[in-house]
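Student:
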Amino acid sequence: MPLVKPEPEVNEDTRVLGYDPLLSPRFIQSEIPSSAASVETVRSGRKQAIEIIEQRDDRLLVVCGPCSIHDPDDPPSRLRISRKLYADLTGMGMPIASEMLDTISPQYLADLISLGAIGARTTESQLHRELASGLSFPIGYKNGTDGNLGIAIDAIGAAAHPHHFLGVTKEGLAAITKTSGNEHGFVILRGGNKGTNYDRDSIKSAREALRSRNQREILMVDCSHGNSQKNHRNQPIVAKCVADQLREGEDAIIGVMIESNIHEGNQKVPPEGPSGLRKGVSITDACISWETTVDVLEDLADAVRARRALKAKTNGYLPTYRQQDQKKSILVKKKMMSSRQQPDRHTGTDRQTINRNKNKIKIKNQKSEIPRPKQNNNNKKGRENI
């Protein structure tokens with residue numbers, strides 16, 4: 438049977454206008470390397486995030502910053518600018534949290550990220566769940582745009598298992614990526630088309646849903662998007678409700694997400710293009726101003742302290758890192774005790790008491806400050822009273 442040649446107009450790229458090749462992740466990383474300070478910031482940020490997720494640290498994970506940044510139209514330049522920004526911020530000691538949009542860009546940026554998130558429109562995507570299973574940092578999954586929490590809980594379970602998916606190597610070659618699974622996933626409540634989900638009843642329902650699926654009862658509250666009903670001025674109201682719940686002892690809330698910029702609101706791209714944009718004003722989702730952000734963060738910090746005090750009062754709770762600080766403090770105090778206040782290692786009696794009674798004691802061994810206990814010949818008593 439003769440082969441049928443395709444018509445000239447039948448082509449696999451009928452709707453593709455062209456390709457813009459990218460430099461390899463390895464090249465960009467070598468061009469903009471991470472400093473020793475950056476490496477330490479990322480390592481510390483990931484460690485602290487994991488401790489909070491595992492509830493060994495009672496502090497709050499706060500993801501705070503602009504919805505987007507101004508960037509040029511040239512995609513390769515975007516990668517350079519993004520990496521330079523991440524490198525500069527981590528070099529200053531600021532850990533980075535970022536949304537994972539695709540399976541390619543993480544190869545360029547992930548070594549500088551301490552916390553990730555999967556958006557409401559991609560949480561249900563199998564490819565994004567597979568990507569999350571291979572990320573080297575904790576990842577949050579937002580509920581669906583309709584408020585569906587089930588897809589986020591499903592994503593946590595799916596990403597915790599090993600996967601295989603199409604990706605790229607550091608050299609930029611297409612490859613099958615094999616992952617081991619990411620067990621540090623959590624839900625992000627961002628509200629939805631049907632309403633908000635940051636109130637007490639919503640938190641309670643989310644905990645019950647997580648418990649029924651044998652997942653950690655932990656969650657982050659997104660103060661923007663559906664929870665703010667797309668009005669940036671509602672973000673402080675959401676944060677205030679979260680703070681009130683923390684003061685009441687709610688321990689499922691491990692973090693918040695706040696869309697913040699230098700100035701409040703947002704802006705459209707003007708007719709003259711990006712050159713006409715106002716600096717410090719979002720070009721996507723509206724944000725709260727820096728001054729408002731400071732007030733919100735101070736209230737949340739006060740709420741965390743109140744929650745900590747409440748737990749300490751009710752059941753003597755102290756987070757692990759606080760327990761370690763307390764142990765160090767006790768050790769220092771012990772070292773500062775005078776030798777007269779320290780108990781004798783043989784008798785358990787403090788030396789001050791022994792000195793008071795030394796006239797009643799016959800010291801047989803003049804080289805010892807404290808008499809050694811006599812051992813019974815029959816080994817029945819173990820020690821004799823001195």
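First residue of the sequence shown? That's 438 in my numbering, and the numbers climb one at a time after it. Every residue gets a Cβ at the ideal spot worked out from N, C-alpha and C, and that includes glycine.
(1) Who are residue 623's beta bridge partners in DSSP?
(2) From residue 626 to residue 695, what does the alpha carbon distance come to, in whole angstroms?
(3) Return the chain-ordered ranges of every alpha helix (DSSP H) run that is complete within the segment 496 to 570 and spans a minimum of 4 residues.
(4) Three or more beta-carbon pairs under 8 Å between the segment 526 to 536 and the segment 585 to 605, yes or no?
(5) Since residue 614 is in the alpha helix (DSSP H), which residue starts that stretch and which ends it?
(6) Cutting at 6 Å between CB atoms, please list the residues of its own chain near residue 589, excluding the five before and the five after it.
(7) Hey, residue 724 and residue 669 are a contact pair by Cβ (cut 8 Å); roughly how many whole angstroms apart?
(8) Run through DSSP, which three-state label would residue 586 get?
(9) Run through the DSSP bridge pairs and tell me what residue 659 is partnered with.
(10) Within 10 angstroms of the Cβ of residue 769, are there 16 or more other Cβ atoms? Answer buried if so, exposed if not.
(11) In the DSSP output, which residue or residues are listed as bridge partners for residue 725?
(12) Could you pull out every residue in the same chain whose Cβ sits closer than 7 Å to the Cβ of residue 612, ignoring the five residues on either side in sequence?
(13) Just reading off the alpha helix (DSSP H) that residue 482 is part of, what are its end residues?
(14) So, does the segment 518 to 530 touch the segment 705 to 717, judging by three or more C-beta pairs under 8 Å?
(15) Rounding to the nearest angstrom, what Cα-Cα distance links residue 766 and residue 488 in this structure?
(16) First and last residue of the beta strand (DSSP E) that includes residue 603?
(17) Kindly indicate which three-state DSSP category residue 713 falls into: helix, strand or coil?
(18) Considering just the uninterrupted stretch of the alpha helix (DSSP H) at residue 640, what are its terminal residues?
(19) Between which two residues does the alpha helix (DSSP H) holding residue 677 run?
(20) Please return the same chain residues whose Cβ sits closer than 8 Å to the Cβ of residue 629, not counting the five positions on each side in sequence.
(21) For residue 639, which residues of its own chain have a beta-carbon under 6 Å away from its beta-carbon, when the five flanking residues on both sides are left out?
(22) I'd like the span of the alpha helix (DSSP H) that includes residue 468, first residue to last.
(23) Using the Cβ count rule (16 or more neighbours within 10 Å means buried), how would you classify residue 799?
(24) Using the Cα positions of residue 495 and residue 455, report the straight-line distance between them to the nearest angstrom.
(25) Under 8 Å by Cβ, that's how I've got residue 719 and residue 462 pegged, so tell me the actual separation to the nearest angstrom.
(26) By DSSP, does residue 594 sit in helix, in strand, or in coil?
(27) Ordered along the chain, which non-local residues of its own chain (more than five positions away) have a Cβ less than 7 Å from that of residue 501?
(28) If you pair each beta-carbon of the segment 670 to 682 with each one of the segment 475 to 487, do three or more pairs fall below 8 Å?
(29) For residue 691, which option in 685, 684, 666, 655 has the closest C-alpha, if you only look at C-alpha atoms?
(30) Under the three-state reduction of DSSP, which class applies to residue 703: helix, strand or coil?
(31) Cα separation between residue 492 and residue 458?
(32) Taking the C-alpha atoms as reference points, what is the distance between residue 686 and residue 562?
(33) Measure the alpha-carbon distance for residue 632 versus residue 541 and round it to whole angstroms.
(34) Out of curiosity, what's the CA-to-CA distance linking residue 497 and residue 732?
(35) How many Å lie between residue 666 and residue 701 at the Cα?
(36) By Cβ distance below 7 Å, which residues in the same chain neighbour residue 448 in space, the five residues on each side in sequence not counted?
Tutor: The structure says:
(1) 577
(2) 12 Å
(3) 512 to 528, 543 to 546, 563 to 569
(4) no
(5) Premise fails: residue 614 lies in the beta strand (DSSP E), 611 to 615, not in any alpha helix (DSSP H).
(6) 560, 578, 580, 624
(7) 6 Å
(8) coil
(9) 694
(10) Reliability fails at residue 769, whose pLDDT of 43 lies under 50, so the model's placement of it is uncertain and the value that follows must be treated cautiously. When all chains shown are included, residue 769 counts as exposed.
(11) 697
(12) 604, 605, 606
(13) 473 to 490
(14) no
(15) With a pLDDT of 45 at residue 766, under the threshold of 50, the modelled position of that residue is not reliable, and the figure given next carries that caveat. Taking the straight line joining both Cα atoms gives about 22 Å.
(16) 601 to 605
(17) helix
(18) 637 to 649
(19) 672 to 684
(20) 557, 580, 581, 582, 583, 584, 585, 663
(21) none
(22) 462 to 468
(23) Model confidence at residue 799 stands at a pLDDT of 44, short of 50, so the residue's coordinates are unreliable; what they give is reported in the following sentence. Label assigned to residue 799: exposed.
(24) 51 Å
(25) Wrong, their Cβ atoms sit about 29 Å apart, outside the cutoff.
(26) helix
(27) 695, 697, 730
(28) no
(29) 655
(30) strand
(31) 44 Å
(32) 35 Å
(33) 34 Å
(34) 16 Å
(35) 16 Å
(36) none
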